[in-house]
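Trainee:
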Amino acid sequence: MQKVCVETDCQTVVSAWQEEKEQRSAVFQIVQEMKQLCSVFQGFEFLFVRREANRAAHVCARHALSSSITELCFDIYRSVFGGAHREGILRGECALDGCVLKSGILMALRSCPSGANFSLVAYFHGTLHLDIVTSSSVITYLAGAVSFFAALMNILSTAHIKPTAAIFVSGPFPVMGYMLLPLQAHLPSLHPPICEISKDPSKCEPAQVWSLTLLYLSLLVFAIGEGCMRACVPILGEDQFGNDGPQESHLRSKFLSWLNLANSLGALIGLVFLVWIENNLGWDIGFMLCAVTVLVGLLITAGGLPFYGMRKPNGSPLTRILQVFVTSSKKRHAAIFDVVELQEISTSDHVDGDGDNKSDSNNICTTRVDQGTGVMTQMLPIFISCVLIYLPFTLLMTLTIQVGSTMDTGIGMIKIPSASLIAIPTAFHMLMQPCYRQILTPLLRFTGHTNGIAPLQHIGVGSAFGAVAACIATLVEAKRLMVVEQKGLTLAAAGVPMSIFWLVMQFFLLSIMDIACIGGLVEFIKSEAPDPKAKHIAQAVQSLLVGIATWSGCAFVQFVNRVTRHGDNGRGWLDGTNFNRTHLDRFFFLLATLELVAFINYAFWARRYANKKGVSTIRLDSNNLGA
Numbered sequence: 001m002q003k004v005c006v007e008t009d010c011q012t013v014v015s016a017w018q019e020e021k022e023q024r025s026a027v028f029q030i031v032q033e034m035k036q037l038c039s040v041f042q043g044f045e046f047l048f049v050r051r052e053a054n055r056a057a058h059v060c061a062r063h064a065l066s067s068s069i070t071e072l073c074f075d076i077y078r079s080v081f082g083g084a085h086r087e088g089i090l091r092g093e094c095a096l097d098g099c100v101l102k103s104g105i106l107m108a109l110r111s112c113p114s115g116a117n118f119s120l121v122a123y124f125h126g127t128l129h130l131d132i133v134t135s136s137s138v139i140t141y142l143a144g145a146v147s148f149f150a151a152l153m154n155i156l157s158t159a160h161i162k163p164t165a166a167i168f169v170s171g172p173f174p175v176m177g178y179m180l181l182p183l184q185a186h187l188p189s190l191h192p193p194i195c196e197i198s199k200d201p202s203k204c205e206p207a208q209v210w211s212l213t214l215l216y217l218s219l220l221v222f223a224i225g226e227g228c229m230r231a232c233v234p235i236l237g238e239d240q241f242g243n244d245g246p247q248e249s250h251l252r253s254k255f256l257s258w259l260n261l262a263n264s265l266g267a268l269i270g271l272v273f274l275v276w277i278e279n280n281l282g283w284d285i286g287f288m289l290c291a292v293t294v295l296v297g298l299l300i301t302a303g304g305l306p307f308y309g310m311r312k313p314n315g316s317p318l319t320r321i322l323q324v325f326v327t328s329s330k331k332r333h334a335a336i337f338d339v340v341e342l343q344e345i346s347t348s349d350h351v352d353g354d355g356d357n358k359s360d361s362n363n364i365c366t367t368r369v370d371q372g373t374g375v376m377t378q379m380l381p382i383f384i385s386c387v388l389i390y391l392p393f394t395l396l397m398t399l400t401i402q403v404g405s406t407m408d409t410g411i412g413m414i415k416i417p418s419a420s421l422i423a424i425p426t427a428f429h430m431l432m433q434p435c436y437r438q439i440l441t442p443l444l445r446f447t448g449h450t451n452g453i454a455p456l457q458h459i460g461v462g463s464a465f466g467a468v469a470a471c472i473a474t475l476v477e478a479k480r481l482m483v484v485e486q487k488g489l490t491l492a493a494a495g496v497p498m499s500i501f502w503l504v505m506q507f508f509l510l511s512i513m514d515i516a517c518i519g520g521l522v523e524f525i526k527s528e529a530p531d532p533k534a535k536h537i538a539q540a541v542q543s544l545l546v547g548i549a550t551w552s553g554c555a556f557v558q559f560v561n562r563v564t565r566h567g568d569n570g571r572g573w574l575d576g577t578n579f580n581r582t583h584l585d586r587f588f589f590l591l592a593t594l595e596l597v598a599f600i601n602y603a604f605w606a607r608r609y610a611n612k613k614g615v616s617t618i619r620l621d622s623n624n625l626g627a
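Mapping to UniProt numbering: the sequence shown position 290 is 290, numbers consecutive.
Here it is as structure tokens:
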């Protein structure tokens, strides 16, 4: 009797196992078909793998499938793939496949804004008849505002709100900004009468106050949305890689490379096609197409909502840093601790002025936060030096683009629109990124550093290239003005018989400067931040410094132009709308001198920071050995 029962139980177990196996096979086939149907998103693999903190469990179809199908998918996945190592690798590969989707989204979001941003220089000068200083200042203020809003949203999306919510809240702003621009370009009452400013600038009427008010309002609305999306899209992509292991870090770096490539490619597309539409069909149609493209990009992003992995906001490290300063101000008689000394202080050792221990979080700061504040204080001279380094960049870029419109922009039978000249440095920027990562970085690894050279050296190399670019810009502009004088073209605003390709070298060097300085600054902040949460604000600090440098450049242009009006019969170096009557070569020489001084200043502070860090490391090692 017992034997019969055992056989019956075995048959029941075998039958149940076969039935379960058939169910698993069927569900697995269904899932594979669903993956093929969802291949347009390139990110469906996100649904299969997510490692929990305390056990090697796998959750399938977190946001799309029902709970019963989820459990069956989990069993199938565990039986077919199995193993935590394989799960981690597959998850990383699936997340990397999502890079195609994210990069495509960013390209759709950034192609119109990036193309239209610098084409606005031609719009300001040719349609609104703004002078040289005003055109450069407006586009520079716009770039600075975008950087400031990017820094603000980077902090908020890291600490308080989810990046998806920030994207969809701020996404309509650039659409509204682009809706106001075609309104101004289409209605004759909102812009000056059309005239040939390149032939006879004296007959062109300037823009009225209400026209400029509408322009500034549209640019402000656009800057809010563009800055927020610029900050949130990379954060959304990085959130798909949950852990900070070597595999995830490698895939996250590869994702950011694809993202930067898509950004440059989108900008290049906008500069070629959208500028052609604006020049041949009208600015109003071009701006309206920009608004439609940004809206399509938002809809594509909304289509991927079920597939995104969300990270909960975990508070801002800036709050804890400010807490240190507030606590230090309350304890005025207490000395400010050295970073090395703070290593030896535990949390329980913090006491107030009367010698009593405090547990209140507003009065007690942990050793790590104190240490992070000390490190940030030591990094301030580096940050200020980076502001001085980056100050000439935007000025060189915008003024070179405007000067290029006066030169021969023809390539055989093809004429390059003046607004498309920024496509040259954009193409260099797009090509230099993979060359730098795939060619230069492996060649420089003999130095012993993972990225070839240290982040501080990255910034120094970028500053050196910026100084050389400013010197070349000075020589090229001096030659252009010499040709203008020889040909008697001083009163003409265009038609200088000098090829646009004279500007290629400075564009190339400025692209290297941008990649080296920005990349080195972000790596420097991430490598030096003692608090892991502080590493997430590296992009925010970088955007903030770029914004400060950009707005400082605007003030610098106006200051120089006002000072130089005391000579040359009351005419400043950059007065008027005719580049052939300016002294732009002198201004470029001044920028080259400023960049050289900034490089020397940076080299001093960088060497001092490196030496101080080396001494601190030796002291820490000796203390550990003594313990």
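Glycine is no exception: its CB is placed at the ideal position from the N, C-alpha and C atoms.
(1) Less than 7 Å between the beta carbons of Ser463 and Phe599, yes or no?
(2) Which residues does DSSP pair with Lys415 in a beta bridge?
(3) Would you give the residue range spanned by the alpha helix (DSSP H) that Arg230 belongs to?
(4) Tell me the DSSP secondary structure of Ser499 in three-state form.
(5) Would the beta-carbon of Phe556 fall within 7 Å of that of Glu477?
(6) Does the pairing of the stretch 576-592 with the stretch 119-137 give three or more beta-carbon distances under 8 Å?
(7) Measuring alpha carbon to alpha carbon, tell me which of Ile155, Glu595 and Ile167 ends up nearest Cys471.
(8) Alpha carbon to alpha carbon, what distance is there between Ile161 and Val496?
(9) Taking Cβ positions, are residue 711 and Phe559 nearer each other than 7 Å?
(10) Taking C-alpha atoms, which residue in Gln457, Thr400, Ile500 and Met498 lies nearest to Thr474?
(11) Looking only at C-alpha atoms, which of Pro434, Lys479, Gly171 and Leu295 sits nearest to Met407?
(12) Taking only the alpha-carbon atoms, compute the straight-line gap between Gln208 and Ile515 and give it to the nearest angstrom.
(13) Buried or exposed: which applies to Trp210, given that a residue is buried once 16 or more other Cβ atoms fall within 10 Å of its Cβ?
(14) For the alpha helix (DSSP H) that Lys487 lies in, which residues bound it at each end?
(15) Under the assumption that Leu268 contacts Met505 (Cβ atoms under 8 Å), give the Cβ distance between them as a whole number of angstroms.
(16) Residue range of the alpha helix (DSSP H) that Trp573 falls in?
(17) Looking only at its chain, what residues have a beta carbon closer than 6 Å to the beta carbon of Arg230, apart from the 5 residues adjacent to it on each side?
(18) Look up Asn280 in the DSSP assignment and say whether it is helix, strand or coil.
(19) With the cut-off set at 7 Å, would you say Val275 and Pro174 are in Cβ contact?
(20) Going by beta carbon distance, what residues of the same chain come within less than 7 Å of Thr550, once the five residues before and after it are set aside?
(21) Are there three or more Cβ pairs, one per stretch, closer than 8 Å when the stretch 217-234 is compared with the stretch 189-197?
(22) What three-state label does DSSP hand Ser137 in the structure shown?
(23) Compare the Cα-Cα distances from Ser405 to each of Ser420, Leu391, Arg562 and Leu217 and report the closest residue.
(24) Is residue 636 helix, strand or coil when you go by DSSP?
(25) Using C-beta distances below 6 Å, list every residue in its chain close to Leu298, excluding the 5 sequence neighbours before and after it, in chain order.
(26) Thinking Tyr609 and Ile459 are a contact (beta carbons under 8 Å), I'd like their distance in whole angstroms, please.
(27) Apply the 10 Å Cβ neighbour rule to Thr301 and answer buried if 16 or more other Cβ atoms are within range, or exposed otherwise.
(28) Does the beta-carbon distance from Phe508 to Phe428 come in below 7 Å?
(29) Please report the residue range of the alpha helix (DSSP H) in which Gln438 lies.
(30) Helix, strand or coil: how does DSSP classify Asp585 here?
(31) Might you give, ordered along the chain, the residues of its own chain that have their beta carbon closer than 6 Å to the beta carbon of His125, omitting 5 neighbours on each side?
(32) Going by the beta-carbon positions, is the gap between Gly520 and Pro417 smaller than 7 Å?
(33) Counting only the same chain and skipping the five closest in sequence on each side, list residues whose C-beta sits under 8 Å from that of Asn561.
(34) Inspect the beta-carbon positions of Ile167 and Cys232 and report whether they are closer than 7 Å.
Mentor: Reading off the structure:
(1) Walking along the sequence shown from the start, residue 463 turns up at place 463. Walking along the sequence shown from the start, residue 599 turns up at place 599. Yes, Cβ-Cβ distance for Ser463 and Phe599 is below 7 Å.
(2) Taking the first residue of the sequence shown as 1, we reach residue 415 at position 415. Looking at the DSSP output, Lys415 shares a beta bridge with Gly410.
(3) Start at 1 with the first residue of the sequence shown, and residue 230 comes out as number 230. Going by DSSP, Arg230 is part of the alpha helix (DSSP H) stretching over Val209 to Glu238.
(4) Looking up residue 499 in the sequence shown gives position 499. Note: Ser499 maps to strand in three-state DSSP.
(5) Counting from one through the sequence shown, the residue named residue 556 turns up at place 556. Counting from one through the sequence shown, the residue named residue 477 turns up at place 477. Their beta carbons are not under 7 Å apart, which means Phe556 does not touch Glu477 by this criterion.
(6) Three or more Cβ pairs closer than 8 Å define a contact, and the stretch 576-592 meets that threshold against the stretch 119-137.
(7) Your numbering for residue 471 matches position 471 in the sequence shown. Comparing Cα positions, the closest option is Glu595.
(8) Counted from its first residue, the sequence shown places residue 496 at position 496. Counted from its first residue, the sequence shown places residue 161 at position 161. Answer to the nearest angstrom: the Cα atoms are 53 Å apart.
(9) Residue 711 falls outside the range modelled here, since the chain spans only 1 to 627, and no answer is possible.
(10) Numbered from 1 along the sequence shown, position 474 holds the residue referred to as residue 474. Answer by Cα proximity: Thr400.
(11) Indexing the sequence shown from 1 puts residue 407 at position 407. Of all alpha-carbon atoms in Pro434, Lys479, Gly171 and Leu295, the one lying nearest the alpha-carbon of Met407 is that of Lys479.
(12) As a position in the sequence shown, residue 208 is number 208, starting the count at 1. As a position in the sequence shown, residue 515 is number 515, starting the count at 1. The alpha-carbon atoms of Gln208 and Ile515 are separated by roughly 39 Å.
(13) Within the sequence shown, the letter at position 210 stands for residue 210. It is exposed - the Cβ of Trp210 has fewer than 16 other Cβ atoms within 10 Å.
(14) Start at 1 with the first residue of the sequence shown, and residue 487 comes out as number 487. Per DSSP, Lys487 belongs to the alpha helix (DSSP H) from Pro455 to Lys487.
(15) For this step, residue 268 is matched to residue 268 along the sequence shown. For this step, residue 505 is matched to residue 505 along the sequence shown. Going by Cβ atoms, the distance from Leu268 to Met505 rounds to 20 Å, so no, they are not a contact pair.
(16) To locate residue 573, count along the sequence shown from 1; it is residue 573. Neither: Trp573 is in no alpha helix (DSSP H) and is coded neither H nor E.
(17) For the purposes of this step, residue 230 is taken as the residue at position 230 of the sequence shown. The residues are Ala150.
(18) The sequence position of residue 280 within the sequence shown is 280, counting from 1. In the structure shown, Asn280 sits in a helix (DSSP, three-state: H, G or I).
(19) Here residue 275 corresponds to residue number 275 of the sequence shown, with the count starting at 1. Here residue 174 corresponds to residue number 174 of the sequence shown, with the count starting at 1. No, Cβ-Cβ distance for Val275 and Pro174 is not below 7 Å.
(20) By 1-based counting over the sequence shown, the position of residue 550 is 550. So the qualifying residues of the chain are Thr140, Ala143, Gly144, Ser147 and Thr394.
(21) no
(22) Counting from one through the sequence shown, the residue named residue 137 turns up at place 137. In the structure shown, Ser137 sits in a helix (DSSP, three-state: H, G or I).
(23) Position 405 of the sequence shown holds residue 405. Out of Ser420, Leu391, Arg562 and Leu217, Ser420 has the C-alpha closest to the C-alpha of Ser405.
(24) This structure gives no information on residue 636, because the portion of the chain shown stretches from 1 to 627.
(25) Here the question's residue 298 lines up with position 298 in the sequence shown. Within the same chain, Leu298 has close Cβ partners Gly171.
(26) Position 609 of the sequence shown holds residue 609. Position 459 of the sequence shown holds residue 459. That pair is no contact at about 11 Å.
(27) Residue 301 sits at position 301 when you count from the first residue of the sequence shown. When all chains shown are included, Thr301 counts as buried.
(28) The residue given as residue 508 occupies position 508 in the sequence shown. The residue given as residue 428 occupies position 428 in the sequence shown. Inclusion of Phe508 and Phe428 in the CB contact set at 7 Å is warranted, their separation being smaller than that value.
(29) Counting from one through the sequence shown, the residue named residue 438 turns up at place 438. Note, Gln438: premise wrong, no alpha helix (DSSP H); not H, not E.
(30) Working through the sequence shown from its first residue, we reach residue 585 at position 585. Correct three-state label for Asp585: helix.
(31) Position 125 of the sequence shown, counted from the start, is the residue given in the question as residue 125. Closer than 6 Å at the Cβ level, and outside the excluded window around His125, lie Ser135.
(32) As a working note, residue 520 is residue 520 in the sequence shown. As a working note, residue 417 is residue 417 in the sequence shown. No.
(33) By 1-based counting over the sequence shown, the position of residue 561 is 561. Same-chain partners within the cutoff: Val133, Gly572, Trp573, Leu574 and Asp575.
(34) To locate residue 167, count along the sequence shown from 1; it is residue 167. To locate residue 232, count along the sequence shown from 1; it is residue 232. Yes, they are a contact pair.
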